Amino acid sequence: MNSILGLYNYWIVIILMMAGLYILIARYNLIKKIIGLSVFQTSIFYLYITMGKVEGGTAPILLDDPASYSNPVPHVLILTAIVVGVATTAVALALIVRIYERYDTIEEDEIKAIEMQEEGS
Amino acid sequence: MIATQLPALQIVIPLLAAPLIVLARRSEMAWVIAVIANILCVLVAWQLFGLVSEQGIIRYSLGGWAAPTGIEYFVDTINAPLLLLISSVSAIVVVYAYHSVKKSVDSTKHYLFYAAWMLCLSGLLGMLITGDAFNVFVFLEISSLSTYMLIAFGNDRRALTASFRYLVLGSIGASFILIGIGFLYAATGSLNMLDLSQRIPNAASERAVLVAFSFISIGLMIKSAIFPLHAWLANAYHFAPISVTAFLAGTATKVSLYVLLRFLFSVFGTQYNFEYLLFNVILLPAAIFGFLIMSVVAVFQTDLRRMLAYSSVAQIGYIVAGISLATQAGITAGYAHIINHALIKSALFMSVGCIIYRLGHAHRPSLDNLIKTMPLTCAAFIISGLSLIGVPLTGGFVSKFTLISASMEKGWWIMGGLVLVSSVLAIIYIGRVVDVMLFRKQRLPNPIPQGRNEAPLSMLVPMYVLIGLSLYLGVFGSKTLGVASEAATQLLGGFR
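First to last, the protein sequences are chains A and B. Note that the numbering used here numbers the first sequence so that position 100 is 100, with each residue one more than the last. Position in the second sequence (first residue = 1) + 1000 = the numbering used here.
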């Protein structure tokens, strides 16, 4: 029981991660794929944050000698990773706009059909 | 004074060049800045290479923060040769790119193209030089994001979907690496690679280390396009602008392979059982199936770019086969093939780029008798093709010979034989192109304009410089092997 309830934050990470990957694989719409990718990346942010948390710990700022404090390094790392995630999403959305301009669709199966037709002719 | 700052300069020069190029705007200026920055990069890498072979490891604390806390740049005999290799290949290809980009990319976007190139270069060099695990992820994303942009510059609209597919797979790979680094940090409380390598044996939980190991390996296998995780590569190489393909083929996958080597040997060390499992059960079959299946697939391609893309996956198979032997000789072979294959494949894509520059396509059946109109380009293709096959006196021979003798040494005769089989397949796919170029009478009604129609000198000269380098390393193969075996010794010995 303890391994389920006591570690519930890790279970949330796993559920989010799998949900994100599933959306990424199962959806044909490119925008939805990117939503899945973002959910997947966000779950990793949770993993890092939850790792640094110490129960009852405080933030080690402006205190001379806090009795127990949360590790600030994962938070800092994840700030960087959030920036990277935003940049990835931005590039992906820009690509989707360009794809829509050239193909008139953002459904992957339709794009594939168009490409197959082109290669055949 | 400046000598002590060299490791930082290696990254800062291209990183600063990118915004300068955006400010310059004009396409000629953009190109000139890119070339100058790139040549400076080569000089810095050359200096670092000399310093490392003289005085050993260089450790550089970024911002003056000492090693385990701050980010550290770490130059040793493993990454110094690759720094030199990657910056040289990039410098040669960026000179070559001028005419090809002028023709295929919209002239209002040239400055963005070269800015993305510089960002990609600084990301790749950063992955090589950094000694901090999280920093690897950051530089990996810098290089990946600019690579997606560079691929999307391709003329064909399929370049966009190729770039999108690479973005999705690349982001999953990078995220896996991020998860792995997180677990490593949770298990050891450190991010510095040197520190990690000392702390991992005493880690609180071996299972966390195992999870970290698996995530990082899979993420890097995606990024370095190891069979069967190569799905993004063929379309990306096919539809990207050809100069980008020449650049990426020689650099991007090689840098990811280096990071894989670094994590497998230096950080995790070879004392773990699961590592042998990875080598023998996952990497070795992947390598062998990779170079056999991908060579067969390459034989049936009619577009030269696509053929060379599949051949790239096959050649990565050789490198991984060498690594998965996990012996001194095996790693030497894999490392030497990283160097040789980078030079050969870039030169091959450059010669295909010359053909595309004149004909507008690289469709094999309509290259009949091309030697009449483009003799220098065809000669370049044939010389590098021979090197890809592994004919004596070329770079490819040196590393393939070492690979086969390394597998014999370990008693894996079958693998040595399969490498030979795959080389025969390489003779077939290169031979089919050479046959069309040299001997076919023109079948189609005058598809190629008659008379000499060679690519411009600014494309031919860089191409022949690269071929010259690759031949030099073939004739004086002991130089590559010396560098490679030093790197292998250090990889197997861990951080010392």
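Using N, Cα and C, we set each Cβ at its ideal position, and we do this for glycine too. From a predicted model like this one, the values you see are computed outputs, not experimental measurements.
Where does A/I4 sit, in a helix, a strand or coil, going by DSSP? Residue state, collapsed to three classes: helix.
In the stretch 80-102 of chain A, which residues sit with their C-beta less than 8 Å from some C-beta in chain B, listed in chain order? Here the close residues are T80, A81, V84, A87, T88, V91, A92, L95, I96, R98, I99 and R102.
Just checking, does the stretch 1411-1427 of chain B make contact with the stretch 1059-1066 of chain B on the three C-beta pairs under 8 Å criterion? By the Cβ rule, the stretch 1411-1427 of chain B does not count as touching the stretch 1059-1066 of chain B, because fewer than three pairs are nearer than 8 Å.
At the 8 Å Cβ level, is B/T1394 part of the contact set with chain A, yes or no? Output row for B/T1394: interface = no.
Taking all protein chains shown into account, do 16 or more other C-beta atoms lie within 10 angstroms of the C-beta of B/I1177, making it buried, or fewer, making it exposed? B/I1177 is buried by the Cβ-count criterion.
Just checking, does the stretch 1251-1259 of chain B make contact with the stretch 1292-1309 of chain B on the three C-beta pairs under 8 Å criterion? No, the stretch 1251-1259 of chain B does not touch the stretch 1292-1309 of chain B.
CB of B/L1491 within 8 Å of CB of B/L1261, strictly: It is a contact, given that the beta carbons lie within the stated cut-off.
Under 8 Å between C-beta atoms of B/M1307 and B/F1227: Contact: no.
Rounding to the nearest angstrom, what Cα-Cα distance links B/R1207 and A/T42 in this structure? Taking the straight line joining both Cα atoms gives about 24 Å.
Could you check whether B/E1072 and B/D1132 sit closer than 8 Å to each other, using their CB atoms as the reference points? The beta carbons of B/D1132 and B/E1072 sit closer together than 8 Å.
DSSP three-state call for B/D1156: helix, strand or coil? DSSP places B/D1156 in coil when its eight states are reduced to three.
In angstroms with no decimal places, state the Cα-to-Cα distance between B/I1323 and B/I1078. About 14 Å.
If we define contact as Cβ-Cβ less than 8 Å, is A/L7 a contact residue for chain B? No, A/L7 does not count as interfacial toward chain B.
A/Y145: contacting residues in chain B (beta-carbon distance under 7 Å): Outside the displayed span of chain A (1 to 121) sits residue 145 of chain A, for which this structure offers no information.
Could you tell me the alpha carbon to alpha carbon distance between A/I106 and B/S1478, rounded to whole angstroms? Straight-line Cα distance between these residues: approximately 53 Å.
Residues near B/K1441 in its chain [Cβ-Cβ closer than 8 Å; skip 5 each side]: Take B/K1441, set aside five residues on each side of it, and the residues of its chain with a beta-carbon closer than 8 Å to its own are D1368 and N1369, in chain order.
For the stretch 1127-1147 of chain B, which residues have a beta carbon sitting closer than 7 Å to at least one beta carbon of chain A? Within the stretch 1127-1147 of chain B, those residues whose Cβ lies closer than 7 Å to any Cβ of chain A are, in chain order, F1134, V1138, E1141 and L1145.
Unbroken alpha helix (DSSP H) runs of length 4 or more, entirely within the stretch 1130-1174 of chain B: which are they? You should have 1133-1152.
Among B/L1121, B/N1155, B/K1410 and B/Y1472, the one whose alpha carbon lies nearest that of A/R98: Comparing Cα-Cα distances from A/R98 to each of B/L1121, B/N1155, B/K1410 and B/Y1472, the minimum goes to B/N1155.
Residues in the same chain with beta-carbon distance under 6 Å from A/I44, minus the five sequence neighbours each way, listed in chain order, please. Close CB contacts of A/I44 within its chain, under the 6 Å cut and outside five residues either way in sequence, are absent.
CA-to-CA distance, B/V1052 to B/G1474, given in whole angstroms: Using only the alpha carbons, I get a separation of about 24 Å.
Using 8 Å as the limit for Cβ to Cβ distance, is B/L1196 near chain A? Any Cβ of chain A closer than 8 Å to the Cβ of B/L1196 would place that residue at the interface, and such an atom is absent.
Tell me which residues of the stretch 1164-1179 of chain B have at least one Cβ-Cβ distance to chain A shorter than 7 Å, keeping chain order. Of all residues in the stretch 1164-1179 of chain B, F1164, L1167, V1168, S1171, S1175, L1178 and I1179 have a Cβ within less than 7 Å of some Cβ in chain A.
Runs of 4 residues minimum, wholly inside the stretch 1249-1290 of chain B: which ones carry the alpha helix (DSSP H) assignment? With a minimum length of 4 residues, the continuous alpha helix (DSSP H) runs that stay inside the stretch 1249-1290 of chain B are 1273-1277.
Within-8 Å CB hit, B/R1157 to chain A: So, interface residue.
How about the stretch 1099-1117 of chain B and the stretch 1025-1036 of chain B: do they share at least three Cβ pairs that are nearer than 8 Å? A contact exists between the stretch 1099-1117 of chain B and the stretch 1025-1036 of chain B.
Give the interface partners of B/L1160 over in chain C, defined as CB-CB distance under 7 Å, in chain order. Protein chains in the displayed structure are A and B, and chain C is not among them.
Helix or strand or just coil, what does DSSP make of A/N29? The answer is strand: DSSP assigns A/N29 an E or B state.
By Cβ distance below 6 Å, which residues in the same chain neighbour B/Q1315 in space, the five residues on each side in sequence not counted? Once the five neighbours on either side are set aside, the close Cβ partners of B/Q1315 are H1341.
If you measure from the beta carbon of B/M1149 to each beta carbon in chain A, is any gap under 8 Å? Against chain A, the CB of B/M1149 has a partner CB under 8 Å away; the residue lies at that interface.
For the stretch 26-58 of chain A, enumerate the residues whose C-beta is nearer than 8 Å to any C-beta of chain B, in chain order. Per Cβ criterion, the list reads L30, K33, L37, F40, Q41, I44, L47, Y48 and M51.
For B/R1026, the nearest candidate out of B/T1069, B/K1102 and B/G1056 (CA to CA): Out of B/T1069, B/K1102 and B/G1056, B/K1102 has the C-alpha closest to the C-alpha of B/R1026.
For B/Q1328 and A/E108, what's the separation of their Cα atoms in angstroms? The alpha-carbon separation between B/Q1328 and A/E108 amounts to approximately 46 Å.
List the residues of chain B that A/I12 touches, going by C-beta distances under 9 Å, in chain order. The premise fails here: A/I12 is roughly 15 Å from chain B at the closest Cβ pair, so nothing lies under 9 Å.
So, does the stretch 1088-1103 of chain B touch the stretch 1158-1177 of chain B, judging by three or more C-beta pairs under 8 Å? No, because fewer than three Cβ pairs between the stretch 1088-1103 of chain B and the stretch 1158-1177 of chain B fall closer than 8 Å, the two stretches do not touch.
Can you pull out the residues from the stretch 1019-1037 of chain B whose beta carbon lies closer than 7 Å to at least one beta carbon of chain A? Within the stretch 1019-1037 of chain B, no residue has its Cβ closer than 7 Å to any Cβ of chain A.
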